[in-house]
Amino acid sequence: MSPAGRGLIVFFVVQWFTVKSQDVIPPPSMDHMTFPFLPQDFMEIAKKLMIKCLNNGYAPPNMTDFLFNSSAIKPEEKMHFIFPFLLSSFLPLPGNQPTVKPNMTGPIQQDIFMNITEMWNCTALSKMIELMRNTTEKDYCFMRAFMAPLSWAAVMQNSSQLSAEKMKMLLWAAKPFLEAMPPSPLAPPFKLDKTHLVEMMKMFNEVFSSLSEDQKDEIIRWMKDRVVENEPACPPNQNLSSIPLPKPPMPSVSTKPEHVTVSPRLTNSTSSGCPKMPWLKADALKMMGRFFSRLSETELRAIPKEEMCKFFIAPEFPSSFNKSDRLQTAIGRMLMQRLMQECLNGKQIFLSLLDRLGSLACFFDDISSLNVTLSMKLLSQLGECENNRIDQMKRDLVRKVMEENAPPSLELLRSLGSGVTVLPPSKLSDFSSEALSNILSSLKQAVWKPAQAKILAQKLLEKVKDINGDSLLSLGSLVRGVDSDILRKLKLQGLLGNESLKNITEKMSSLQKKALLEALRSSVNDSDLVKGVPDPLLPFLPLSILEKAGIRSIDQLGNRSWTQTQSVYLLKKILNQGINSEQLKKLGLAVQGVTCSMVDSINQNYTLESMQTLANSSNWLSRTQVHCAAQRLFQNLEKQRAGYFVNISDSELQAIPALLLIHLPIKSIQGLPARVCPRFLEKMSQANLSSLPNSAPSRWELRDKALRCLGKNASDLSTAEILCLGSLVCELDPVWMASLNPAVLNSTLQALASCVHIPRVYRASLFSLITKVYGCGYFSHYGVWLTLLVIMDWLKSFLSDLLDRVQSQSESSVPPEFHSWPDLQTLHQKLFQLKTKLVQQRRRRAVPQAVPPSQSVIEDLGEGNVYWSPAQIANISTETFRKSVHVLGEVRNYTAEQLAALREKVIEAFGDVSLLNQAQIVELGCITQSFNSKELETLNITTLDTLELLSVCQWNSTQTAIILQGFLARTGMKMSKLGAVEMVGLGQFICGLQPAQIDQLNATEFKEAVEDIGHAKCPLTILECLKNKAISVFGETKSWSEVEVSMMGNIIAGLNGTELASLNSSVLPFIRQFAIPLIPPERLAMMSVNQLKSFGPDNAAVVTDMQRLRLSWEQRAALNETLGLPTSRTETITITPTVMPQKGGASEQSLLGIALLPVVLLLLGFIL
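Residue 268 in the numbering used here sits at position 268 of the sequence shown, and the numbers go up by one each step.
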């Protein structure tokens, strides 16, 4: 640390000692701000920020030896010891060189800040911050880390007494705290004047990306309150918080509930002159900045025209749409439409202001009106767009630009801007390495597909003689294209702790991460590697390294991205089987490793506190952990007092987290006394039901209890009372809803728009209710044809956005009992028909003619290309196929007939398969599945990176064996020499190994790679061979702990019935969900009733119908018990073909309002 930094630290600690040693703390004032009371979790937050300073390469001060040398007083017992105590808690750290002790007898350099006497006598917090601001970050980082939570506390405790300058100063000091604080409520200060509000909103905008979704919503609500508070025409104490309304249903995927919780006075009383929504004035909109995106569609439509136009011409407008979180497509288009129609006279004036749009440019939809110059201008605005149509928009603009430009050049690259990312690999390869190097600063920030990144990385590195760590960091996101062979040989000394290393590793594949870790292991020892490795690499650290890292305390875990396997390994190593509340608070993501045995071992005197702590980590808990925590809590409470829930008090119910309360047994729910109804309804308004099975009887029991608590007939209920049901609104019976009065029914149906699951038994009656309420008579005014033609583009955009936003949820491996969305395949097919105009064609002809797919349509469809018929694929022109093969190659699930047609196109476009080079094979992607056995034998695959890319395709066992054996023959790899990196790189192709080859795998390397190998979905015979290898490495299955079981993945399915029955019941929740369906039914049936009871809800839910058929009634009852479902003695299981289920709920359709739901459903009916 520099002399300035050491002097500043000395100054700070002297002031801390001086102030805290005084018995009397003077009252705060604007000019003399004293140290505030310590905020909650001060020590943990300050320490976390100090560690961040260390990771940034700043040397910490060595203070404990020369400032406080008293052995009689423990550091934590005196305030003035906190700073050195925190430093000593993580010193020494890797790479931390001993710092020179400052000379306490000699003068500190005059040019540091001031002489030591003035420092000694200074006690003002603001003065200390002022001194920090006059130094460099490396000098003040550790002190600012300590001061940040104090400064935020000072703002909270003294905001009304601060001058604007003092407020600005404190917020500057508090910024690191706001960037690192947990996702808990912020509770910003009330009674803030406009000047202070502006400063606060500036700071919140600066830390916007670090805030949780709930915090962002909290801030926008808080800001609205403050705007109302500062509105001269509004009476005092009139704000949105004056009437606390319950939250809307809580979805399990990202949706945007409306935040217009306007009090009756603001909505109805206009005689006082108080505006209905004063936060929609231009001044307030400018203040919102990036929080503008948190406004609801209702609010955005309500912005007065003159205020919208003032906002548009304000300097703050572009930054409000610069990096804000993703706008809903419907909202983005609506804003664009309003700006064009209301604020600008003529299209040309609007086009001249394109550079003011920021990310709103993502929703520009009139590409045909642009010339080349404007196309380039618009392309420069699209770098951060994420809406579903953006790639097609870029492709259309790129075509405009490239049509009038010379062959590939630096000028063309600059002209394309963000549009470079949509160029196919074949086009990118045309640019010279010099031209690419000139715009590397922008290329390395873009998002690339693997095939594109590979071409660009090869170009950029082809003339680099010595590829080192700096070369790697310079590539940014293009690192995705660097070969794993290069990565594993790099010399990477000094890179640990570099923020750029963290950024690039986020873009790497599994193979690349494993290869880079191998290089890092050769550069540093295991202990330093674990402490300094960036989070994206942490999950790939084998347990053998963690074992040597010297982790002996919960405090050493930090809030890092540990995997479930690593978490349970570390917790068992550190804690064995016991854990307490204080330790639970420090786990972070390692909470994944908390076992049910650990939960059961918690001292009963601290059970409630511990379960509250666990519930605070709900985002990282499995359903099994939630189930265990709820059971432990309820059993403990019943032990404390018989009939606990029958006689529960309001405060006792308040203490139970909503996450656990919803798991109450049905009888306990029924027995809750009426006096706790208000608290019960409050809990239900907060509850997320996603940990309950969709068919759990407790869902309906909770709903019925809530309705009884409301104590009214349906016709007498208000909107506020319905909304206080929270997620239980989604469980309401449409027949019951029909009795609501019209206004409340309308609000209830709109609330259903936030539901991600609606019980199947209610869907038909809900549809009938919606069509009855909103009607569809307007269709009778137009012919079906006219209606379809008018709104075809709208429906196409609507479905594109809907599917884009929910497919990540629908395609995840969530079991049916916990699945929020139905199979969306039919909707994907309807969108394909809309985009290819097949709907209109079908109405004209009984037998549609094959339409040659164009390049632009193929690019727009993406994964939707799977719906082309073989005849249409055969009709693709050779030129179009060459230009769009990279898109077609990304589709993984072609039929055999489609693959046959694609094979013919490959041979037509590229010639003999054996002549394909690596770049062409990567571009072809999953089309390579179409090659016959002889062609696969000659396929020239020579790198693990290519194998990894092809591993995602749907290969059969014969194909995987042919490709793998050919690869091994070409590369000369020997089984006994395969390392962990190679085993990971083989991916799904490891299933192509022969039994004798599996026996030859090195035991140590297999142990390091087994968790990745366990993700391969191999035939049963290969899984059995891998299981035998695992037993030889880890021992007999009866000795496997949670750690081994968690690592095995699909290898578990290779265990025979006896081996499955030998597993300890406590380890069964750690079997990976994706492995359960692969276990042969007759083997699963050999597990005991007690074992099946221990499966946990997550695993019990994925047991297939075929597996259940082989189970006894007692075994099925055991599975249902862990799920919380009843079992009937007459239960029968019928295996039925998979059918497209009805659409569940209207969740994402809230984008356009529930009134349009009948339109969408009817149109889909017409298309069918």
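Virtual Cβ for every residue (Gly too), placed ideally from N, Cα, C.
Quick caveat: nothing in here was measured; it's all calculated off a predicted structure.
- Within the stretch 124-206, the runs of alpha helix (DSSP H) that reach at least 4 residues and sit entirely inside it are, in chain order, 125-133, 137-158, 164-180 and 194-206.
- Distance from asparagine 55 to glycine 497 at the Cβ level is roughly 5 Å; contact confirmed, criterion being Cβ atoms closer than 8 Å.
- Bounds of the alpha helix (DSSP H) holding serine 747 are 742-751.
- Here alanine 457 is not near lysine 491, since their CB atoms are 9 Å or more apart.
- Taking each of Leu150, Gln1073, Ala173 and Gln161 in turn and checking the Cα distance to asparagine 134, the smallest one comes out for Ala173.
- Distances from the CA of arginine 623 to each of Ala46, Ser1128 and Leu1123 were compared; the closest alpha carbon is that of Leu1123.
- Between histidine 663 and leucine 300, the alpha-carbon positions lie close to 39 Å from each other.
- Each residue's CA atom was taken as its position, placing leucine 899 and leucine 924 some 12 Å apart.
- The residue from Ala314, Leu295 and Arg294 with its alpha-carbon nearest to that of alanine 282 is Ala314.
- Nearest neighbour of aspartate 555 by Cα position, chosen from Gln566, Glu582 and Ala996, turns out to be Glu582.
- Cα atoms of valine 744 and cysteine 234: separation of roughly 28 Å, rounded to the nearest angstrom.
- In this structure, alanine 435 keeps its C-beta atom at 9 Å or more from the C-beta atom of proline 407.
- Around the beta-carbon of serine 484, 16 or more other beta-carbon atoms lie within 10 Å, marking it buried.
- Cβ-Cβ separation between serine 1094 and leucine 1060: approximately 13 Å, too far for a contact (criterion under 8 Å).
- Straight-line spacing of the CA atoms in isoleucine 455 and leucine 939 works out to 20 Å.
- Under the three-state reduction of DSSP output, arginine 1108 falls in the helix class.
- A distance below 9 Å separates the beta carbons of leucine 589 and serine 561.
- The C-alpha of cysteine 730 is placed about 8 Å away from the C-alpha of proline 759.
- Here alanine 314 carries a coil assignment [DSSP, helix/strand/coil].
- The shortest CA-to-CA distance from leucine 546 to any of Glu897, Ser527, Ser601 and Phe363 is the one to Ser527.
- In the pairwise beta carbon analysis, the stretch 908-924 is classified as touching the stretch 878-896: at least three pairs are separated by under 8 Å.
- Taking all protein chains shown into account, proline 542 has 16 or more neighbouring C-beta atoms within 10 Å of its C-beta and is therefore buried.
- Secondary structure within the stretch 676-719: the alpha helix (DSSP H) runs of 4 or more consecutive residues, fully enclosed, are 677-686 and 697-710 (chain order).
- Leucine 285 and phenylalanine 311 have their alpha carbons spaced roughly 7 Å apart.
- Distance from the Cα of lysine 449 is smallest, within the candidate group Gln959, Glu462, Lys168 and Leu428, for Leu428.
- Going by DSSP, arginine 399 is part of the alpha helix (DSSP H) stretching over 390-403.
- Of all alpha-carbon atoms in Ser432, Met201 and Ser695, the one lying nearest the alpha-carbon of phenylalanine 292 is that of Met201.
- Rounded to whole angstroms, the gap between the alpha carbons of asparagine 893 and aspartate 1098 is 27 Å.
- According to the DSSP assignment, lysine 427 belongs to the alpha helix (DSSP H) that extends over 425-428.
- Here the C-alpha atom of alanine 1030 lies approximately 10 Å from the C-alpha atom of leucine 1023.
- Here leucine 947 is actually not in contact with phenylalanine 881; their C-beta atoms are around 25 Å apart, not less than 8 Å.
- With 16 or more other CB atoms across the displayed protein chains lying within 10 angstroms of its CB, proline 424 is buried.
- Around the CB of glycine 987, 16 or more other CB atoms lie within 10 Å, so the residue is classed as buried.
- Our two residues, proline 182 and serine 884, have alpha carbons roughly 45 Å apart in a direct line.
- Ranked by Cα distance from serine 597, the options Leu1001, Phe1034 and Gly1096 are led by Gly1096.
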